[in-house]
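Reading through the structure tokens given below for one structure.
Number of protein chains: 2
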Amino acid sequence: MALARKKGPSAKLRSAAFKRVRADHQVELAEDYVELIADLIDERAEARGTDIAMRLGVANATVVKALKRLQEQGLITQEPYRAIFLTGDGWKMADNGRRKHRIVEGFLLALGVNSATARIDAEGIEHHVSAETLKAMARFLARNGG
Amino acid sequence: MALARKKGPSAKLRSAAFKRVRADHQVELAEDYVELIADLIDERAEARGTDIAMRLGVANATVVKALKRLQEQGLITQEPYRAIFLTGDGWKMADNGRRKHRIVEGFLLALGVNSATARIDAEGIEHHVSAETLKAMARFLARNGG
DNA sequence: ATAGAAGTTTAGCACTAGCTAAACATTAGT
DNA sequence: ACTAATGTTTAGCTAGTGCTAAACTTCTAT
């Protein structure tokens, strides 16, 4: 190449955004699982593998593997052939996730998006909104009838 | 279990949302790459591996592997040791991605989020907004000074 | 009390996305 | 024209997330 090509002053800033997205993806699955487990416990006092598999739309074996990792991360407790429960950390993550989900979905509804779409999009978006954006959404929601 | 536990009427709808998110993730990487390649071509007439690696914040070898897949998908063309270019489909995807990115980022700014956060969050969110949500964001943007 | 249904786990496969280190090709500068 | 720097590719590793099929437990109903 002829001339020293400049990298652009913001090369690092740009890559930071992508890194953040990759990091988010790692937490995403854990958040989805604990939120779902929390919902199931609230609905029926316990969460079982097949229910999780069904709601997530994945195979049973996939759930087992994921739960093993969640246990290693200290988010859930489980014993063989028994229901799954959340640890303190698990509840913290679940509640935080559900709060985010509620705000994002409500926000999309307030924006005028129809409810089926709002639910689907919220599921994808919730893991990528920073605290600041969430606050902005909540503010908007408070003003525009949430 | 004692009584037939009901699955809940919306089990399928719920799992559909998660399936959608997983599907989005598969396209996400492709979109990020072609968008970035398009930006590089616009800026400096050609896109090279190291530039992509730097901006994405990943290793060179990772880029090589990803580009191979993109080529198989018919999104880019490349020859060994040469720069990378987009196919017609590649441009289509890149332009669509950049358009989404612009709307989402602009929307977050209009919402009152600061610019650094808006950029980072937009990067994560852009792949998860449906056409309908995007339209709603564009509408909001048009009204609230975009 | 026991057979069959339902649920759970294990084993083994495939693919994606990341990494480092080493080999190879191209380009620039003397 | 050659050497050194730069850029690119290959090889081989790790870990995550998905699958199916088979084995094993637990629960329910006769």
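Chains as they are written, first to last, in the numbering used here: chain A, 12 to 157; chain B, 12 to 157. Virtual Cβ for every residue (Gly too), placed ideally from N, Cα, C.
May I ask which residues mark the beginning and end of the alpha helix (DSSP H) holding residue i?
i	result
residue 144 (chain A)	142–154
residue 44 (chain B)	22–55
residue 66 (chain B)	60–67
residue 123 (chain B)	Careful: residue 123 (chain B) lies outside any alpha helix (DSSP H) and carries neither H nor E.
Can you give me the C-alpha to C-alpha distance between residue i and residue j, rounded to a whole angstrom?
i	j	result
residue 146 (chain A)	residue 23 (chain A)	26 Å
residue 137 (chain B)	residue 130 (chain B)	10 Å
residue 1 (chain B)	residue 125 (chain A)	Residue coverage of chain B in this structure runs from 12 to 157, which leaves residue 1 (chain B) outside it and unanswerable.
residue 107 (chain A)	residue 49 (chain A)	11 Å
residue 149 (chain B)	residue 153 (chain A)	21 Å
residue 109 (chain B)	residue 46 (chain B)	6 Å
residue 20 (chain B)	residue 39 (chain B)	Residue confidence is low: residue 20 (chain B) scores 47 on pLDDT, short of 50, so the model does not pin down where it sits. Its coordinate-derived value is still stated next. If you take the alpha carbons of residue 20 (chain B) and residue 39 (chain B), they lie about 31 Å apart.
residue 13 (chain B)	residue 85 (chain B)	Model confidence at residue 13 (chain B) stands at a pLDDT of 31, short of 50, so the residue's coordinates are unreliable and nothing is read from them.
residue 33 (chain A)	residue 36 (chain B)	11 Å
residue 128 (chain B)	residue 122 (chain B)	12 Å
residue 44 (chain B)	residue 87 (chain B)	10 Å
residue 132 (chain B)	residue 29 (chain B)	20 Å
residue 2 (chain B)	residue 80 (chain B)	Examination of residue 2 (chain B) is not possible in this model, given that chain B is present from 12 through 157 alone.
residue 55 (chain B)	residue 54 (chain A)	57 Å
residue 143 (chain A)	residue 111 (chain A)	12 Å
residue 62 (chain B)	residue 120 (chain B)	28 Å
residue 27 (chain A)	residue 92 (chain A)	42 Å
residue 75 (chain A)	residue 42 (chain A)	16 Å
residue 101 (chain B)	residue 25 (chain B)	32 Å
residue 15 (chain A)	residue 51 (chain B)	In this prediction, residue 15 (chain A) has a pLDDT of 36, which is less than 50 and means its spatial position is unreliable; nothing more can be read from the coordinates.
residue 97 (chain B)	residue 134 (chain A)	31 Å
Tell me residue i's beta-bridge partners as DSSP assigns them.
i	result
residue 98 (chain B)	Note: residue 98 (chain B) sits in no beta bridge, so no partner.
residue 82 (chain B)	None, per the DSSP bridge assignment.
residue 73 (chain A)	None, per the DSSP bridge assignment.
residue 87 (chain B)	B:97
- Contact residues within the stretch 143–157 of chain A, judged by C-beta distance below 8 Å to chain B: Cβ contacts with chain B come from 143, 144, 147, 148, 150, 151.
- Which residues, in order along the stretch 73–104 of chain A, keep a beta-carbon less than 8 Å from a beta-carbon of chain B? Here the close residues number zero.
- Item | the stretch 63–73 of chain B / the stretch 103–118 of chain A touching (three or more Cβ pairs under 8 Å) | Contact check between the stretch 63–73 of chain B and the stretch 103–118 of chain A: fewer than three CB pairs, one atom from each, fall below 8 Å, which does not count as touching.
- Message: Closer than 8 Å is the cut-off here; do at least three beta carbon pairs connect the stretch 114–121 of chain B with the stretch 70–85 of chain B?
- Response: These segments do not touch.
- Query: Name the residues in the stretch 107–120 of chain A whose C-beta lies less than 8 Å from a C-beta of chain B; which are they?
  - Reply: The residues in question are 119.
- Message: Short of 9 Å Cβ to Cβ, which residues in the stretch 31–53 of chain A face chain B?
- Response: Residues 31, 32, 33, 35, 36, 39, 43, 47.
- Below 9 Å between beta carbons is the criterion; list the residues of the stretch 123–135 of chain A that meet it against any residue of chain B, in chain order. Within the stretch 123–135 of chain A, the qualifying residues are 123, 124, 125, 127, 128, 129, 130, 131, 132, 133, 134, 135.
- Task: Check each residue of the stretch 59–72 of chain A: if its Cβ is closer than 7 Å to any Cβ of chain B, include it; give the result in chain order.
- Result: Hits within the stretch, in order: 65, 66, 67, 68.
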